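Everything on this sheet refers to the single structure shown next.
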């Protein structure tokens, strides 16, 4: 199939997947909408859909529609942690390692970074960098557990990482309750981070400040480029992708499969942990997470939407953040529970991951391309034949 | 420590091991059968969440535990068939289908709960605990003669109907897998789908049956969670049992009896965790015990397997 046709196919496929999920969302909104008559329900559904689709960027009211910079800033800032988990999952899934530990990883990274930010004074600037790097490094070390168990003992990395998520969450809660909590506060939270460790807003502007759009966003984009270069321009990245495509082939062609599998999960862990640190130092003054944040699961969706290609991660993260914001808007203004997001997310996820979705359409495109090629060749040989004759 | 041991050697403690093991056994049986058919269903967690929610809701709306229970099974089977459609028809990676189902199982059940009941406790939490009365729970059974035996009676008798069924199903699943033609087909499809289809077994049909069976088991497990283990459904109540079942399947060597024993081991770990917190250990230190034990026992299992492989 020609490049152009392939492109058209992926766009049509993505659009259709999103459309289907929106139809599902619409049905669910319709069911949940207030209103005594069907007409009223339709009206409420329309209102809710408007909030879902354009609410993330525009204020919708009686006077019409007006652009809201704050909401855009919110969306961009919400992308920070999910870009990191998305990248993390990209690297691990590329090697066909279904490690689901980025959920616990981002929480652990956030916690470790917070501890460094509170208890270990360092010069401004360096402090934040060290806190984030240490957070990432600790998670990278923890990810050695599922990775090495997988390589050495063939223990499922998926089950192991899932169990680790729970262990990490409870241990952090335990440490918070008993050692790190600021007992003067009603809520369980740490002491405030030292000022030297804060990650500042990109520009000093009240809207940007309140949305917490920090340098973390820029770092996330840099991480995208670095991960992309790593995956497509480095030897390890190539090996990770090769192992994902065909493990046996990689082994027989002399790659150290076990080592690369470990590396992929360590890098994934580092990305998730660093993301947690950047998120918590940029957005909050103290660490107060008491349960898994869910960014890991969003990261999996993002990686699937991006087709495990790091360069598409920001786009997918933007889409998910947009959808999340839309659901929040709908919850606020149209009284639709915001957990709708998890159903919509799962439906999009399923259709993106479905290889045979629209396979007939793809088939027809392939056939068309082939026919054109044959026709072109036939025309060519006829010409050639005519010239010879 | 002596205090703890004295606390443990009570009939209540052993009773609780069986009670806690039951939902894990169901999920493990589901995991075993799909594994025999050659794939992994990691969506057991999400399936159990859906079954738990609908079991609880339908029993409330019909004011009858039986219909709630039946509906929980129905939901489990239907959702698992949907999973099968995506996995087998649309060729989605079965692991990704499982992840999607788990995503829905967490937030999606809360959404459905809020929408269907209209309850919102605060802005984020909702549960069906307020709706369900003890009358709507799956009944417990006192076994006539055994219940009068001093210690053992209090351990074995008085369990929920579903707890007994869990153990019966271990045997039934074993019979199904090894003594029926269906079981033979399932194992054949898992071991060599090409060979199975060459003798006229419909591989696709067998795979659908296997995944539906895992859905049915999740239905039992989910119903147990919301209609016997706890009174009513609440967010994330399955708490990783579907995942623990995957570990139990692996540790049990993919067999029913071994899977049952591993499930009981996890039940024991969890009961121990509960005991720890009852004698004053921070519950956050006790709660991760079953999960940590899962990792440790998978490691031991891995080492043992490796040794065996060397010997061969």
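Protein chains in written order, with our numbering: chain A, 1 to 389; chain B, 390 to 701. Beta carbons: idealized from backbone N, C-alpha and C, even for Gly. From a predicted model like this one, the values you see are computed outputs, not experimental measurements.
Span separating the alpha-carbon of residue 164 of chain A from that of residue 606 of chain B: 25 Å
Cβ-Cβ separation, residue 585 of chain B to residue 592 of chain B (assumed contact under 8 Å), whole Å: 6 Å
Beta carbon of residue 270 of chain A nearer than 8 Å to that of residue 101 of chain A: no
For residue 241 of chain A, the residue or residues it bridges with in DSSP: Bridge partners of residue 241 of chain A: none, in fact.
Nearest to residue 498 of chain B (by Cα), restricted to the options B:656, B:555, B:678 and B:440: B:440
Nonlocal neighbours in the same chain, by C-beta distance under 8 Å from residue 451 of chain B, ignoring five residues either side: 457
For residue 589 of chain B, the first and last residue of its enclosing alpha helix (DSSP H): Premise fails: residue 589 of chain B is in no alpha helix (DSSP H) and is neither H nor E.
Interface positions of the segment 614-643 of chain B facing chain A (Cβ-Cβ less than 7 Å), listed along the chain: 629, 632, 635, 636 and 639
Supposed contact pair residue 334 of chain A and residue 92 of chain A - C-beta distance, whole angstroms, cut 8 Å: Going by Cβ atoms, the distance from residue 92 of chain A to residue 334 of chain A rounds to 37 Å, so no, they are not a contact pair.
Which residues DSSP lists as bridging residue 354 of chain A, in chain order: B:481
Contact belief for residue 292 of chain A with residue 107 of chain A at Cβ below 8 Å, rounded distance in angstroms: 6 Å
The alpha helix (DSSP H) enclosing residue 646 of chain B, as first and last residue numbers: 645-667
Alpha helix (DSSP H) segment containing residue 445 of chain B, residue limits: 433-451
is_contact[residue 305 of chain A, chain B] using C-beta, thresh 8 Å: no
Residue of A:84, A:227 and A:277 minimising C-alpha distance to residue 318 of chain A: A:84
Exposure of residue 80 of chain A, with buried meaning 16 or more beta-carbon neighbours within 10 Å: buried
Cβ-Cβ distance between residue 166 of chain A and residue 629 of chain B below 8 Å: yes
Cutoff 8 Å; reference residue 667 of chain B; Cβ partners in own chain excluding five residues on either side: 396
Beta carbon proximity, residue 590 of chain B to chain A, threshold 8 Å: no
Pick from A:6, A:40, A:280 and A:78 that is closest to residue 112 of chain A, judged by C-alpha positions: A:280
Neighbour list for residue 673 of chain B in chain A, Cβ cutoff strictly below 7 Å: 170, 173, 174 and 177
Residues of the segment 139-160 of chain A whose Cβ lies closer than 7 Å to any Cβ of chain B, in chain order: 149, 153, 154, 155, 156, 158, 159 and 160
8 Å Cβ cutoff met for residue 409 of chain B and residue 454 of chain B: no
Whole-angstrom distance between residue 379 of chain A and residue 159 of chain A, CA atom to CA atom: 58 Å
Inter-residue Cα distance where the pair is residue 389 of chain A and residue 352 of chain A: In this prediction, residue 389 of chain A scores a pLDDT of 47, lower than 50, which makes its location untrustworthy; the coordinate-derived value is nonetheless stated afterwards. If I take the Cα positions, the gap works out to 53 Å.
Contacts around residue 255 of chain A, its chain only, beta-carbon distance under 6 Å, and the 5 residues preceding and following it disregarded: 239
Chain-ordered neighbours of residue 533 of chain B on chain A, where CB pairs are closer than 8 Å: None at all; the shortest Cβ gap to chain A is about 41 Å.
Minimum C-alpha distance to residue 86 of chain A - residue among A:148, A:382 and A:310: A:310
Uninterrupted alpha helix (DSSP H) stretches inside the segment 248-276 of chain A (no shorter than 4 residues): none
Beta carbon proximity, residue 478 of chain B to chain A, threshold 8 Å: yes
Cβ distance (whole Å) where residue 613 of chain B is taken to contact residue 400 of chain B below 8 Å: Going by Cβ atoms, the distance from residue 613 of chain B to residue 400 of chain B rounds to 21 Å, so no, they are not a contact pair.
Within chain A, the residues that residue 677 of chain B reaches when beta carbons sit closer than 7 Å: 166, 167, 170 and 171
Chain B contact residues for residue 310 of chain A, given Cβ-Cβ distances below 8 Å: Simply none; closest approach about 19 Å.
Chain A within 8 Å of residue 489 of chain B, Cβ atoms only: yes
Span separating the alpha-carbon of residue 215 of chain A from that of residue 576 of chain B: 55 Å
Stretch pair the segment 424-438 of chain B + the segment 486-493 of chain B: three plus CB contacts closer than 8 Å: yes
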